[in-house]
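Counting from 20, one number per residue, gives the positions in the sequence shown under the numbering used here.
No residue lacks a Cβ here, since even glycine has one placed at the ideal position from N, Cα and C.
For clarity, every value in this text was computed on a predicted model and none was experimentally measured.
Everything below concerns the one structure shown next.
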Amino acid sequence: MDPLNHESHMIDIRPLAISDVLEVRMPKFGDERGYFSETYNRQRFVEAGIADDWCQDNHSLSVPMHTLRGLHFQVPPFAQAKLVRVIRGRALDVAVDLREGSASFGQYVTLELSPDRFNQIYIPVGFAHGFLTLEPNTEVLYKVSSPYSKDHDRSLRWDDPDIGIDWALNGATPILSDKDRDAPGLAGARFSSLTGLDKEKDA
């Protein structure tokens, strides 16, 4: 099968419970040899309404199952949109709405990502992001719209009761970095969502 001549190149976009967060499925063309897919095509993404200017690709490997990374975000002028996919293993991906004035502020959405599902999650600027690995040796690739900036990097507590994320741990203890373990909750976080400066610096 020649993908260049295939009549269907449409991206399948599915809004999640917070409609600005999207599940993205790209066309996949297979035969007895395997398959081919464009995992990103700027023109087709723009036509589908995703027009972010991606500046950096990141690749993470989490060896133990139940590794939890997050929740992370950056404040302006380095706030980030993300496009995330899993190329090996499985992960539960989470986005928390931190947009000031949003009707869904403090709410979250989840999506399982895996090679079998062949899906990605698009997370716009204004959200904290994290994921829990559901299998050992899970590899995650993601694009970001702004480069990493230590001075603008922020964390949010993964188990904040004010958010109440269901991580589907089923009694397991997640493996966390010290930074993520010590992150503040939504009520005590020293930031003004993603639209202003850090409150601690303003004080």
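Residue i versus residue j - alpha carbon distance
i	j	result
S164	F150	19 Å
A110	A202	21 Å
E42	I69	12 Å
K169	D185	29 Å
G204	H91	12 Å
F146	S56	28 Å
G108	Y54	18 Å
Q139	H171	25 Å
E26	R44	Because the pLDDT of E26 is 43, which lies under 50, any placement of that residue in the model is unreliable, and the number read from its coordinates should be weighed accordingly. Rounded to whole angstroms, E26 to R44 spans 16 Å at the Cα level.
D197	R173	14 Å
Distance between beta carbons of residue j and residue i, contact taken as under 8 Å
i	j	result
V144	A98	5 Å
T58	R104	7 Å
D71	A100	5 Å
N-terminal and C-terminal residue of the alpha helix (DSSP H) that residue i is part of
i	result
E66	61–66
D197	197–200
Range covered by the beta strand (DSSP E) that runs through residue i
i	result
R104	101–107
R44	41–44
Y167	Note, Y167: premise wrong, no beta strand (DSSP E); not H, not E.
R94	Sequence inspection shows Val at residue 94; the Arg mentioned does not correspond to that position. Where V94 is concerned, there is no enclosing beta strand (DSSP E), given that its DSSP letter is neither H nor E.
Residue i burial status per 10 Å Cβ neighbour count (16 or more: buried)
i	result
M29	exposed
L102	buried
G190	exposed
K162	buried
T192	exposed
Q75	exposed
R33	exposed
N77	exposed
R52	exposed
Y141	buried
V5	The structure shown does not extend to residue 5, since the chain is modelled only from 20 through 222, so no value can be given for it.
Y127	buried
I37	buried
C-beta neighbour in chain B for residue i, strict 9 Å
i	result
D199	Any reference to chain B falls outside this structure, which holds one protein chain only.
| field | Validate contact between the stretch 121–135 and the stretch 170–177 using beta carbons, cut 8 Å, 3 pairs | value | Because the criterion of three Cβ pairs below 8 Å is not met, the stretch 121–135 and the stretch 170–177 do not touch.
| the stretch 60–67 in contact with the stretch 114–126 per 3-pair CB rule at 8 Å | Verdict: no, contact absent.
| task | Examine the Cβ distances between the stretch 83–96 and the stretch 154–161 and report whether three or more of them are shorter than 8 Å. | result | Because the criterion of three Cβ pairs below 8 Å is met, the stretch 83–96 and the stretch 154–161 touch.
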